[in-house]
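*Asks:* The structure's right below; bear with me while I get my questions together.
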Amino acid sequence: MIFRIAGMRKTGWNVYAHIDFAFLSCSDLNDEETEKLCRKLHEKGCSVVTATRGSKGATVFDGERFYRQLPDYVTPVDTMGAGDSFATAMLITILKKLETQPEGSWKNSEIRAEILPEALKAAAVFSAGTCLKNGAFGDGVPVPKSEHDRIYREL
Numbered sequence: 087m088i089f090r091i092a093g094m095r096k097t098g099w100n101v102y103a104h105i106d107f108a109f110l111s112c113s114d115l116n117d118e119e120t121e122k123l124c125r126k127l128h129e130k131g132c133s134v135v136t137a138t139r140g141s142k143g144a145t146v147f148d149g150e151r152f153y154r155q156l157p158d159y160v161t162p163v164d165t166m167g168a169g170d171s172f173a174t175a176m177l178i179t180i181l182k183k184l185e186t187q188p189e190g191s192w193k194n195s196e197i198r199a200e201i202l203p204e205a206l207k208a209a210a211v212f213s214a215g216t217c218l219k220n221g222a223f224g225d226g227v228p229v230p231k232s233e234h235d236r237i238y239r240e241l
């Protein structure tokens, strides 16, 4: 589950305990502030907290340890969607790796320590690729008619 964290404490419902993977954009925070926020969200119930920080890379906290990944540096065309791409690639890699493990393996910190660095590297590579493409800010590309019909027919 991915949630926008801001303003949730006013709801009176502990949404954090229902978040398996939280993804935050923290490019404005330094290392210490990022770690503090990750710990705080984990203490509130988020299982794994990922803070992406643009050119400063990403920080992940799983309750046991911090993992860090530097970005794959590219000259960006557009950073629109880079964070979403990072989250997608990270989650897909984790799921693929877990397919080869016994059920319940994710609870084992040694398994996470094996999988998370690979997932972070895949996420960095994929999100860097996203930065090389024009996004939606004034440079969006219209969906071709041939694809438009196929996409909307499946909805």
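The number in the numbering used here is simply the position in the sequence shown, starting from 1, with 86 added.
Quick reminder that beta carbons are idealized off the backbone N, C-alpha and C, glycines included.
I want to know whether the stretch 107-115 touches the stretch 138-146 - three or more CB-CB distances under 8 Å.
*Replies:* yes
*Asks:* Could you tell me the alpha carbon to alpha carbon distance between Q73 and L177, rounded to whole angstroms?
*Replies:* Outside the shown range of the chain, which is 87 to 241, sits residue 73, and nothing can be said about it.
*Asks:* What first and last residue would you give for the alpha helix (DSSP H) that runs through S133?
*Replies:* From DSSP, S133 is part of no alpha helix (DSSP H); its letter is neither H nor E.
*Asks:* Can you give me the C-alpha to C-alpha distance between F107 and C124, rounded to a whole angstrom?
*Replies:* 11 Å
*Asks:* Going along the chain, which unbroken runs of the beta strand (DSSP E) with 3 or more residues stay wholly within the stretch 106-163?
*Replies:* 107-111, 134-138, 144-147, 152-155
*Asks:* What does the alpha-carbon distance come out to for the pair P162 and S213?
*Replies:* If you draw a straight line from the Cα of P162 to the Cα of S213, it is about 11 Å long.
*Asks:* For P230, does the three-state DSSP call read helix, strand or coil?
*Replies:* Judged by DSSP in its simplified three-state form, P230 adopts coil rather than helix or strand.
*Asks:* Roughly how many angstroms lie between the CA atoms of A199 and F152, to the nearest whole one?
*Replies:* Taking the straight line joining both Cα atoms gives about 10 Å.
*Asks:* Excluding the 5 residues flanking D164 on each side, which residues of the same chain have their C-beta closer than 6 Å to its C-beta?
*Replies:* N220, G221
*Asks:* Quick one, which of E150, A210, Q155 has its alpha-carbon nearest E129's?
*Replies:* E150
*Asks:* Could you check the C-alpha separation between A103 and I180 for me, to the nearest Å?
*Replies:* Distance from the CA atom of A103 to the CA atom of I180, rounded to whole angstroms, is 20 Å.
*Asks:* Indicate the three-state DSSP secondary structure (helix, strand or coil) for P203 in the structure shown.
*Replies:* DSSP places P203 in helix when its eight states are reduced to three.
*Asks:* Please name the residue, chosen from P157, V135, D235, that lies closest to T216 on a Cα-to-Cα basis.
*Replies:* The candidate whose alpha carbon is nearest that of T216 is P157.
*Asks:* Considering only their Cβ atoms, is the gap separating V146 from L206 smaller than 8 Å?
*Replies:* yes
*Asks:* Spatial neighbours of S191 within its chain, please: CB distance less than 7 Å, with the 5 preceding and 5 following residues excluded, ordered by chain position.
*Replies:* L184, I197
*Asks:* Closer than 6 Å by C-beta to D148: which residues in its own chain qualify, once you throw out the five before and the five after it? Chain order, please.
*Replies:* V134, R198
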